[in-house]
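Each remark here refers to the structure printed beneath this line.
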Amino acid sequence: LAESLESAWVKLRGKDKIKSSNIQDALKEVRRALLSADVNVQVVTNFVKEVETKAQGANVVSGVRPDQQFIKIVYDELVKTMGETNSPLANASTKPTVILMAGLQGAGKTTATAKLALHLRKENRTALMVATDVYRPAAIDQLITLGKQIDVPVFDMGTDANPVEIARQGIAKARELGVDTVIVDTAGRLQIDDRMMTELADVKAAIQPDEILLVVDSAIGQEAANVTMTFHDRIGITGAILTKLDGDTRGGAALSVRAISGQPIKFVGVGEKVEALQPFYPERMASRILGMGDVLTLVEKAQEDFDIADAAKLTEKIIEARFDFNDFIKQMRLLKNMGSLGGLLKMIPGMGKLSDGQLKQGEDQLKKAEAMIQSMTKEERGNPDLLASTPSRRRRIAKGCGYNESDVSKLISEFTRMRSMMQQMSMGNFPGMGGGQPG
Ligand code: GDP
Ligand code: MG
């Protein structure tokens with residue numbers, strides 16, 4: 005017990021600062037993760053460089069390796085870059101709110117139009133969908149079919165009318181019907197194409213949308229950067245919908261779209277059905293992009309649970325050998341809050357070699373120790389030496405917690421030994437440990 009606690013303690017001390025030298029591997033790992041999540045190369049390079057600069061000199065959280073801490077910084081920055089909280093749809097003060105859908109053919113615009121209409125209804129907002137894709141008769145039918153399915157009206161003028169005119173009259177129709185929001189579906193091309201952009205710009209000029217949503221298929225990966233740049237330059241998007249996230253893409257397009265346009269991803273499409281729309285959550289996307297759930301969990305828990313000021317006080321107490329049972333209990337609870345002790349120790353680098361049996365044993369011993377400490381008086385907890393010198397106190401404690409007096413004696417002697425070892429370690433000596441670096 006004492007031994008595993010001691011080594012855990014070494015890891016929990018942490019006094020390093022993040023330096024370029026101790027995050028090189030992590031940098032590479034992050035770069036690789038972002039690229040394999042299909043974030044645009046240029047976006048990756050800029051992003052990683054910026055985060056590296058920010059991270060230099062940051063204090064390493066106790067118990068976490070600098071490289072892991074760096075990954076947490078990357079994660080936080082990723083969340084921040086992608087918009088922290090999810091941003092809602094425009095809701096104009098003069099009705100109707102006008103939403104223009106833009107994007108390449110096959111991105112999911114028509115599907116997303118219906119998904120949005122359904123979403124609005126859940127917020128008690130009525131909608132009218134406008135079909136301006138006159139190039140493919142099937143596109144108009146598709147929207148009409150979707151409209152029937154969700155019971156939302158569709159405005160169309162067939163395939164002979166001009167998209168700008170359809171959009172204009174669609175808005176007029178919405179006013180007449182008194183609906184809250186008009187969603188204008190548009191035609192896309194397989195590639196970025198000047199005619200499509202011009203038409204979109206003309207529609208925009210005619211209807212002055214409150215919201216222009218770029219619909220991006222998350223599976224286009226690297227290409228998302230180009231698409232975003234072109235659409236944003238030509239028509240100025242106010243947000244994006246990332247579709248087909250139900251597939252196995254890691255969603256790197258989200259970072260590209262956001263980094264390049266500066267506009268939020270508002271929703272994600274997660275299936276072909278009209279219900280398959282979700283608000284965009286930057287945290288979820290950041291985890292998905294990094295694909296590093298476990299490391300992040302550890303780093304986050306460590307940050308939540310370890311109060312830096314507390315740590316400083318504790319170090320002082322240890323140096324002066326004033327570490328008492330109250331501190332001991334506190335540390336133990338801390339470890340417990342961080343998950344099962346076994347799980348935690350396993351996540352700490354270099355501790356993975358403990359067998360499950362050893363871990364279980366360690367956990368059981370800690371439980372036993374906690375029970376004994378709970379039977380101590382406040383005075384005894386604050387002054388463990390009282391116990392070393394008074395057998396009657398040890399007997400009372402043993403009775404209180406249901407263990408033997410010898411168990412209590414053992415706890416006290418181990419505690420005393422640990423306290424002096426911690427004192428020595430905190431002063432830079434590593435008795436019997438060969439002076440190895442943690443990690
Ligand atoms: P548009 O050309 O941009 O209007 O694209 P569509 O809305 O017609 O969608 C193209 C194809 O992608 C259709 O087969 C849709 O069912 C499908 N689709 C759209 N969104 C999603 C999504 O979020 N997940 C999946 N799996 N398929 C989608
Ligand atoms: Mg369409």
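Per the UniProt record's numbering, the very first residue in the sequence shown carries number 5; after that it's consecutive. Glycine included, each C-beta is placed from N, C-alpha and C at the ideal position. Note that the structure is predicted; figures quoted are calculated from it, not measured.
Check, Outcome
"Thinking C-beta only, is Pro167 closer than 8 Å to Val219?", "no"
"When you measure from the CB of Ala257 to every non-hydrogen atom of the ligand MG, does any distance come out below 7 Å?", "no"
"Give me, in chain order, the residues of the same chain whose beta-carbon lies closer than 7 Å to that of Ile312; leave out the 5 immediate sequence neighbours on both sides.", "Summary for Ile312: the model assigns pLDDT 48, below 50, so the residue's position carries little reliability; its value from the coordinates is reported in the next sentence. Same-chain partners within the cutoff: there are none."
"Can you give me the C-alpha to C-alpha distance between Ser424 and Ala325, rounded to a whole angstrom?", "7 Å"
"Excluding five sequence neighbours on each side, which residues of the same chain lie with their C-beta closer than 8 Å to the C-beta of Gly386?", "Asp328, Phe329 and Asn330"
"For Thr101 versus Thr185, is the C-beta distance shorter than 8 Å?", "yes"
"Short of 6 Å in beta carbon distance, which residues of its chain neighbour Leu120, apart from the five on each side in sequence? Order them along the chain.", "Ile187"
"Could you tell me which residues DSSP pairs with Glu215 in its beta bridges?", "Ile103"
"If I measure Cβ to Cβ from Ile377 and keep anything under 6 Å in the same chain, skipping five residues before and after, which residues do I get?", "Phe329 and Ile333"
"Could you tell me if Asp252 is buried or exposed, where buried requires 16 or more neighbouring beta carbons within 10 angstroms of its beta carbon?", "exposed"
"Which residues share a DSSP beta bridge with Ile245?", "Val219 and Phe271"
"Count the other CB atoms within 10 Å of the CB of Asn50; is the residue buried (16 or more) or exposed (fewer)?", "exposed"
"Is Ile196 helix, strand or coil when you go by DSSP?", "coil"
"Per DSSP, Asp189 forms a beta bridge with which residues?", "Ala135"
"My guess is that Ala131 and Val78 are in contact by the Cβ rule of under 8 Å, so how many angstroms apart are they, rounded?", "In fact, because the Cβ distance is near 39 Å, the residues do not count as touching under 8 Å."
"With DSSP collapsed to three states, give me the class of Met425.", "helix"
"Along the beta strand (DSSP E) that carries Leu281, what are the first and last residues, could you check?", "Leu281 to Pro283"
"Excluding the 5 residues preceding and the 5 following Thr232 in the sequence, name in chain order all residues of the same chain whose CB lies nearer than 8 Å to its CB.", "Leu218, Val220, Ile241, Ala244, Ser260, Val261, Ile264 and Ser265"
"May I ask you to report which of helix, strand or coil DSSP gives Val156?", "coil"
"If we ignore side chains and look at the alpha-carbon of each, how far apart do Ala191 and Asp71 end up?", "47 Å"
"Measuring straight from C-alpha to C-alpha, what distance separates Ile196 and Ala228?", "11 Å"
"At the level of alpha carbons, what is the spacing between Lys152 and Asp145?", "11 Å"
"Sorry if obvious, but does the Cβ on Gly112 come closer than 7 Å to a heavy atom of the ligand GDP?", "yes"
"Should Gly356 be labelled buried (16 or more other beta-carbon atoms within 10 Å of its own) or exposed?", "At Gly356, the pLDDT of 49 sits below 50, so the modelled position is not reliable; the number obtained from the coordinates is stated separately. Gly356 comes out exposed."
"Whole angstroms is fine: what's the gap from Val83's alpha carbon to Leu108's?", "27 Å"
"Does the ligand GDP have a heavy atom nearer than 7 Å to the CB of Thr234?", "no"
"Cβ-heavy atom distance between Lys152 and the ligand GDP below 7 Å?", "no"
"Is Ile239 near Ile211, with beta carbons less than 8 Å apart?", "no"
"Taking the Cβ atom as the reference point for each residue, do Ser413 and Arg398 lie within a distance shorter than 8 Å?", "yes"
"According to DSSP, simplified to helix, strand and coil, what is Asn63?", "strand"
"Among Val134, Ser291 and Thr247, which residue has its Cα nearest to the Cα of Glu276?", "Thr247"
"Would you report the Cα separation of Lys389 and Leu294, rounded to the nearest angstrom?", "For clarity, residue 389 is Asp in the given sequence; the question names Lys instead. Near 50 Å, if we compare the C-alpha coordinates of Leu294 and Asp389."
"Please confirm whether Leu249 and Gly225 have their CB atoms less than 8 Å apart.", "no"
"Pop quiz: Lys371 and Tyr407 are said to be a contact at Cβ under 8 Å. What is the actual Cβ separation, rounded to whole angstroms?", "So it is not a contact: roughly 11 Å between Cβ atoms."
"Give a single yes or no on whether Ala143 has its beta carbon closer than 7 Å to a heavy atom of the ligand MG.", "yes"
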